[in-house]
């Protein structure tokens with residue numbers, strides 16, 4: 078049975094607190110007609126501290142999508158390898174033992190995927206399969222575990238490395254004043270995570286089954302707009318229709 082081994086997580090050194098976020102929102106959007114609503118939503122997220130790949134003032138600047146995507150690639154190549162090494166260590170494996178790499182990211186774009194760069198620079202075998210997942214947003218991590226489980230079910234002696242690299246601060250849109258975008262500005266941060274799913278052996282969570290379910294008619298509730306400035310987050314304010322958990 079496939080086993081999801083202990084993950085490795087790393088966060089950038091720059092930090093922004095909830096209080097700083099609220100103060101920035103008050104300063105930058107003082108005349109916004111829905112500022113009070115945005116502040117209340119941000120405060121209610123429960124997110125007290127976020128990590129960023131740049132200092133706060135640099136994050137607030139928008140040098141253009143070209144510069145931001147170049148920064149995404151540079152930061153990914155600088156930060157992912159160390160996280161991958163720790164994930165492999167947790168699984169008791171080396172790069173040569175990995176049969177597939179699943180790379181999850183929707184906050185920057187690379188072609189070919191970072192998977193190719195990892196194979197060429199970290200000692201993975203040239204035959205290592207590559208599976209980039211780029212358009213599933215917050216659900217992508219779960220989908221990656223599903224695909225790793227599928228692979229290890231088909232190849233019981235196989236091992237899959239999952240890497241998630243999200244630099245949400247690079248999607249910051251200073252001129253987008255939609256409440257959903259303001260909420261996103263106060264909710265998401267930057268981080269890298271990696272974990273190995275082993276087909277045999279290892280310590281961790283046993284994976285018995287996997288599945289997927291899309292709530293009908295909800296594809297527009299959280300989405301991206303694709304613009305010259307990058308990927309603004311779109312949120313439809315319909316969550317009130319959801320039944321509260323019991």
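Residue numbers (our numbering): 78 to 323. Built from N, CA and C at the ideal position, the CB exists for glycine as well. Computed from a predicted structure; not experimentally measured.
Following the continuous beta strand (DSSP E) through residue 97, name the residue where it begins and the one where it ends. Residue 97 -> not in any beta strand (DSSP E); alpha helix (DSSP H) instead, spanning 95-105.
Do three or more CB pairs link the segment 136-153 to the segment 244-253 at distances below 8 angstroms? yes
Check whether the segment 123-131 touches the segment 286-294, counting contact only when three or more Cβ pairs, one atom from each stretch, lie closer than 8 angstroms. Pairwise C-beta distances place the segment 123-131 out of contact with the segment 286-294, as fewer than three of them are shorter than 8 angstroms.
Identify whether residue 157 lies in helix, strand or coil by the three-state DSSP scheme. Reduced to three states, the DSSP call for residue 157 is helix.
Same chain only: Cβ atoms within 6 angstroms of residue 263, ignoring 5 sequence neighbours per side: Excluding sequence neighbours, residue 263 sits near 98, 119.
Between which two residues does the alpha helix (DSSP H) containing residue 117 stretch? 112-120
Confirm, please, whether the CB-CB distance from residue 208 to residue 161 is below 8 angstroms. no
Could you tell me which of 287, 259, 186, 158 sits nearest to residue 238, measuring between CA atoms? The shortest C-alpha separation from residue 238 is found at 158.
Can you check whether the CB of residue 192 is closer than 8 angstroms to the CB of residue 66? Outside the displayed span of the chain (78 to 323) sits residue 66, for which this structure offers no information.
Measure the beta-carbon distance from residue 266 to residue 310 and round it to whole angstroms, keeping in mind my assumption that it falls under 8 angstroms. Not really, about 13 angstroms apart at Cβ, beyond 8 angstroms.
Let me check understanding here. Comparing Cα to Cα, which of 227, 149, 87 lies closest to residue 288? 227
On the premise that residue 248 lies in contact with residue 184, defined as a C-beta separation below 8 angstroms, what is that separation, rounded to the nearest angstrom? Residue 184 to residue 248, Cβ: 6 angstroms. Contact.
Give me whichever residues DSSP pairs with residue 177 in a beta bridge. DSSP, once it has assigned bridges, lists 206, 237 as partnering residue 177.
Selected residue, minimal CA-CA separation from residue 171, among 273, 116, 101, 215: Ranking 273, 116, 101, 215 by Cα distance to residue 171 puts 273 first.
Rounding to the nearest angstrom, what Cα-Cα distance links residue 78 and residue 218 in this structure? A direct Cα-to-Cα measurement between residue 78 and residue 218 gives close to 20 angstroms.
Return the first residue and the last residue of the beta strand (DSSP E) that residue 219 is part of. First-last for residue 219: 217-231, but that is the alpha helix (DSSP H), not the beta strand (DSSP E).
Among 242, 282, 307, whose alpha-carbon lies nearest the alpha-carbon of residue 155? Nearest to residue 155 by C-alpha distance, out of 242, 282, 307, is 242.
Do you know how far the Cα of residue 104 is from the Cα of residue 167? 44 angstroms
Rounded Cβ spacing between residue 283 and residue 80 (contact assumed at less than 8 angstroms): Contact holds; Cβ gap of about 6 angstroms.
Using a 10 Å radius around the Cβ and a threshold of 16 neighbouring Cβ atoms, would you call residue 90 buried or exposed? exposed
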